[in-house]
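Just so you know, the sequence shown maps onto residues 1295 to 1522 in our numbering. Heads up, the beta-carbon is just placed ideally off N, CA and C, and yes, glycines get one too. What you are looking at is a predicted structure, and each value in this text was computed from that prediction instead of being measured. Here is the structure we will look at.
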Amino acid sequence: MAAQINPSILSADFARLADEAEAVKGADWLHVDVMDNHFVPNLTLGVPIVESLSRATDTPLDCHLMIEDPDRWAPQYVEAGAGSVTFHAEAAAAPVRLAREIRAKGARASMALKPATPIEPYEDLLPELDMLLIMTVEPGFGGQAFLDIMLPKIRRTRELISKHGLQMWLQVDGGVSAETIERCAEAGADVFVAGSAVYGTEDPAAAVRGLRAQAERVAAGAARACGH
Ligand code: DX5
Ligand code: ZN
């Protein structure tokens, strides 16, 4: 699959979200960080803003729920127009039931792991998911330094996905930039969230193109090495 770049609007101007979405036209998805000030020590936005944003842009919304009780709230983000909804493994009471509900409502179902949460206990759940998100910073804030120690977890997750013959996507989020994206791609990630590395630049659309080119170069090299 081609590399996908999902700019995170956490680093955008919240008073001009429609324009900020337009500024990254050509991005695969718009990454929307929902924080409740309980699961993480920060507060951002909720269902009404997702609803308005989904009407204001053609770019599909990738909602990353950093909230408690996603079992209760996640389905509302599908109804609000999100094309993909990610809940945290640490917060979900019934992740299989929740993933099935998100899919049944018509969105892609995704589960996120904080840095200290291992992938192995979730191996049997992978077929229930369309994407797995590996956090490469502690969730809560943009602009943090990439955690290199997450690379082995990305690699192990890619191996599990291959072992089970799954088509699911592997997303990384946190500190992804021109300096770190190639390491993530080499480890097996194929969906890249970038906040400050996109919106912190003069030309966000060009930043998206640059990141995608870097990730695709790595993927093409890996495919050549496998003889594809
Ligand atoms: C952090 C959020 C990220 C954040 C990434 O908790 O989940 O999506 O916006 O920002 P950068 O790319 O600046 O690390
Ligand atoms: Zn995020």
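Local conformation of residue i per DSSP, three classes
i: M1444; result: helix
i: Q1508; result: helix
i: I1343; result: helix
i: C1357; result: strand
i: A1321; result: strand
i: F1283; result: This structure cannot speak to residue 1283, because the chain is shown only from 1295 to 1522.
i: A1501; result: helix
i: A1297; result: coil
i: D1365; result: helix
i: S1348; result: helix
i: F1486; result: strand
i: A1388; result: coil
i: A1266; result: Not covered by the structure: residue 1266. The range shown for the chain is 1295 to 1522.
i: D1313; result: helix
i: V1334; result: coil
i: S1302; result: strand
Burial state of residue i, where buried means 16 or more other Cβ atoms lie within 10 Å
i: M1425; result: buried
i: A1403; result: buried
i: M1295; result: exposed
i: R1506; result: buried
i: P1530; result: Because the chain here runs from 1295 to 1522, residue 1530 falls outside it and cannot be looked at.
i: H1458; result: exposed
i: A1519; result: exposed
i: G1489; result: buried
i: D1442; result: exposed
i: P1389; result: buried
i: Q1461; result: exposed
i: F1308; result: exposed
i: P1301; result: buried
i: A1517; result: exposed
i: G1320; result: exposed
Same chain only: Cβ atoms within 7 Å of residue i, ignoring 5 sequence neighbours per side
i: T1474; result: F1440
i: A1297; result: A1479, D1484, F1486, R1506, A1509, E1510, A1513
i: A1501; result: A1491, V1492, T1495
i: A1317; result: P1498, A1499
i: E1395; result: P1369
Sequence-distant residues of the same chain with beta carbon closer than 8 Å to residue i, five excluded per side
i: A1312; result: L1347, A1350, T1351
i: K1399; result: P1369, V1372, E1373
i: V1344; result: V1326, V1328, L1355, C1357, Y1371, A1374, G1375, A1376
i: L1324; result: N1300, P1301, I1303, A1315, V1318, L1347, T1351, T1353, P1354, L1355, D1356
i: Q1438; result: V1431, E1432, G1468, G1469
Contact with chain C by residue i, beta-carbon distance below 7 Å
i: D1363; result: The structure shown contains no chain C; it is built from a single protein chain.
Same chain, Cβ closer than 6 Å to residue i, neighbours up to 5 away in sequence not counted
i: A1306; result: E1314, Y1493
i: A1385; result: F1333, E1362, P1364
i: Q1465; result: M1425, L1427, V1485
i: P1415; result: none
Would the segment 1445-1452 and the segment 1363-1383 be scored as touching if the rule is three or more Cβ pairs under 8 Å? no
Extract the residue ranges of the beta strand (DSSP E) inside the segment 1406-1469, only unbroken runs of 3 or more that lie entirely within it. 1425-1429, 1463-1467
How do the segment 1413-1433 and the segment 1452-1461 stand: do at least 3 beta-carbon pairs fall below 8 Å, yes or no? yes
Hey, is the segment 1355-1369 in contact with the segment 1321-1335, meaning 3+ C-beta pairs nearer than 8 Å? yes
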